[in-house]
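S.K.: Here it is, the structure in full.
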Amino acid sequence: MHAITIPEPGGPEALVWSEVADPVPAEGEVLVDVVASAVNRADVLQRQGHYDPPPGAAPYPGLECAGRISAVGPGVSGWAVGDEVCALLGGGGYAEKVAVPTGQLLPVPEGLELADAAGLPEVVCTVWSNVFMIAHLRPGETLLIHGGASGIGTAATQLAKSAGARIAVTAGGADKLTRCKELGADILINYREQDFVEEIKAATDGKGADVILDIIGAKYLSRNVDALAVNGRIAVIGMQGGVKGELNLGALLAKRGAITATSLRARPAAEKAAIVAAVREHVWPLVASGDLRPVIDQRLAMRDAAEAHRALDAGSHVGKILLVA
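Here our numbering is used: the first residue of the sequence shown is 768, the next is one more, and so on.
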């Protein structure tokens, strides 16, 4: 088969379309013929040499895919050759084939284009596990989403809206904020021109956000605490703004607040399977009904992954960039 390899870490040009050995499904795995994958920030870190795949995962980038099962390994039940699926991966999505543990498979809901399903697993598993399983967002609460126009942000907005929450987003520019509003965002904050702490306080009569979903990390740490409501929860899922920040524990204590920081890729298979099962139970009905849809910015050929990474680096996209095999 062919896959995107990284002979040497570097810029987008480090991504090379190469012929490699076909994967073989192990016990409890299926082989998926990949129709599409999607680009995530973690792929950029891997390309740069900063984020190696977990042990046992395929060495190629790509944390999610959609396709058709072409073979089943020993001990597999409930799945058959020909099933259309999407999957959460530890790696290997930028390839023509990938072996996937059955606990990380999801059926493609009727009415959703198979390739578009590649833009769902990583984002919905990340959002559901952090915003709902850990931070316990409740109806009527305010969720502040940093990066509202990203793949994570567009999914989080739709999920939180379906859960009856009030949604605030930060994004860079009027066009992106317009798209966020179309998806259900109530409070629109242009981080290039506005202070999100002031804006969220003004929009909530001084209360602040009950839950903050943060992709920035250190740069926003102290300001996130300032923007937090009493009994609020901050879920850190990215470090685009650095890894080391100063935390005023007194301010956090006064708010009786909580901060969690999680990644998804390196979690044990059993934890990933539990998250995928929760997504299938709680999120998949929303996909089937049309209340949640992947927001696709553009589709590029998988062999052109370098161009897709340039587009992600440029930051002008809204939603997901797909790689079509």
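Glycine included, C-beta positions come from ideal geometry on N, C-alpha and C.
Return yes when the Cβ of T937 is within less than 9 angstroms of the Cβ of F899, no when it is not.
M.R.: Taking 9 angstroms as the Cβ cut-off, F899 and T937 do not qualify as a contacting pair.
S.K.: May I have the straight-line CA-CA distance separating K943 from I954, to the nearest angstrom?
M.R.: Each residue's Cα considered, the two are about 13 angstroms apart.
S.K.: Taking contact to mean at least 3 C-beta pairs separated by less than 8 angstroms, is the region 1064-1076 in contact with the region 888-902?
M.R.: Touching, no, given that fewer than three Cβ pairs across the two stretches are closer than 8 angstroms.
S.K.: If you run the structure through DSSP and keep just helix, strand and coil, what is H1076?
M.R.: Reduced to three states, the DSSP call for H1076 is helix.
S.K.: Which class does H743 belong to by DSSP, given the choice of helix, strand or coil?
M.R.: The first residue shown for the chain is 768 and the last is 1092, placing residue 743 beyond what the model contains.
S.K.: Sorted by chain position, which residues of the same chain lie with C-beta nearer than 6 angstroms to R933's C-beta, five sequence neighbours on each side aside?
M.R.: These residues qualify, in order along the chain: T909, D953.
S.K.: Looking only at its own chain, which residues have a Cβ that is under 7 angstroms from the Cβ of P776, when we skip the five neighbours before and after it?
M.R.: Only R814, Q815, G816 meet the Cβ criterion.
S.K.: Return the bridge partner residues of P874 from the DSSP annotation.
M.R.: Bridge partners of P874: V852.
S.K.: According to DSSP, which residues form a beta bridge with Q961?
M.R.: Answer is none; Q961 lacks a bridge partner.
S.K.: If you draw a straight line from the alpha carbon of I1088 to that of N998, how long is it in whole angstroms?
M.R.: Cα to Cα, the separation comes out at about 36 angstroms.
S.K.: Which whole runs of the beta strand (DSSP E) in the region 971-1007 are 3 residues long or more, in chain order?
M.R.: You should have 976-981, 995-1003.
S.K.: In whole angstroms, give me the CA-to-CA distance for A1041 and A1018.
M.R.: Their Cα atoms are separated by approximately 34 angstroms.
S.K.: Opposite A803 in the DSSP bridges: which residues?
M.R.: Paired residues: A833, V1091.
S.K.: Within the continuous alpha helix (DSSP H) that includes Q813, where are the two ends?
M.R.: Start and end: 808-814.
S.K.: Just to check my reading of the structure: V802 and V865 have Cβ atoms closer than 8 angstroms, yes? What is that Cβ distance to the nearest angstrom?
M.R.: Incorrect: roughly 11 angstroms between the Cβ atoms, too far for contact.
S.K.: Between the C-alpha atoms of K1011 and G845, what's the straight-line distance to the nearest angstrom?
M.R.: Their backbone Cα atoms lie some 45 angstroms apart in a straight line.
S.K.: Given a threshold of 16 other Cβ atoms within 10 Å of its Cβ, counted over all protein chains shown, does H1084 qualify as buried or as exposed?
M.R.: Answer is buried; the Cβ neighbour count reaches 16.
S.K.: Does the region 781-795 come close enough to the region 1049-1056 to have 3 or more Cβ pairs within less than 8 angstroms?
M.R.: The answer is no - the region 1049-1056 does not touch the region 781-795, with fewer than three Cβ pairs under 8 angstroms.
S.K.: Report the rounded CA-to-CA distance for S839 versus P876, giving the unit in angstroms.
M.R.: Going by the sequence as given, residue 839 is Val instead of Ser. Near 21 angstroms, if we compare the C-alpha coordinates of P876 and V839.
S.K.: Between the region 846-863 and the region 825-838, do three or more beta carbon pairs fall short of 8 angstroms?
M.R.: At 8 angstroms Cβ cutoff, the stretches touch.
S.K.: Compute the Euclidean distance between the alpha carbons of Q925 and V992, then round it to the nearest angstrom.
M.R.: In a straight line, the C-alpha of Q925 is about 25 angstroms away from that of V992.
S.K.: Quick check on this structure: which residue in A847, D810, G975 has the alpha carbon closest to the alpha carbon of G1024?
M.R.: When only C-alpha atoms are compared, the closest one is G975.
S.K.: How would you write the range of the beta strand (DSSP E) that Q1066 sits in, first residue to last?
M.R.: It is Arg, not Gln, that sits at residue 1066 in the sequence shown. Its beta strand (DSSP E) spans residues 1063-1068.
S.K.: Going by C-alpha distance, which of E965, K928, I967 is nearest K948?
M.R.: Minimum Cα distance to K948 is reached at K928.
S.K.: For N1015, is the classification buried or exposed, using 16 other Cβ atoms within 10 angstroms of its Cβ as the cut-off for buried?
M.R.: Looking at its Cβ environment, which holds fewer than 16 other Cβ atoms inside 10 Å, N1015 is exposed.
S.K.: Exposed or buried, P822, counting other C-beta atoms within 10 Å across all chains shown (16 or more means buried)?
M.R.: By the 10 Å Cβ count, P822 comes out exposed.
S.K.: Please say whether T1029 and V1046 have beta carbons closer to each other than 9 angstroms?
M.R.: Contact flag unset, no.
S.K.: Could you check what DSSP says for W784 in three-state terms: helix, strand or coil?
M.R.: W784 falls in the strand class under three-state DSSP.
S.K.: Please report the straight-line C-alpha distance between E1038 and R1066, rounded to a whole angstrom.
M.R.: Approximately 31 angstroms between the Cα atoms of the pair.
S.K.: Using CA atoms only, rank isn't needed, just tell me which of D972, S804, A847 is closest to I771.
M.R.: Ranking D972, S804, A847 by Cα distance to I771 puts S804 first.
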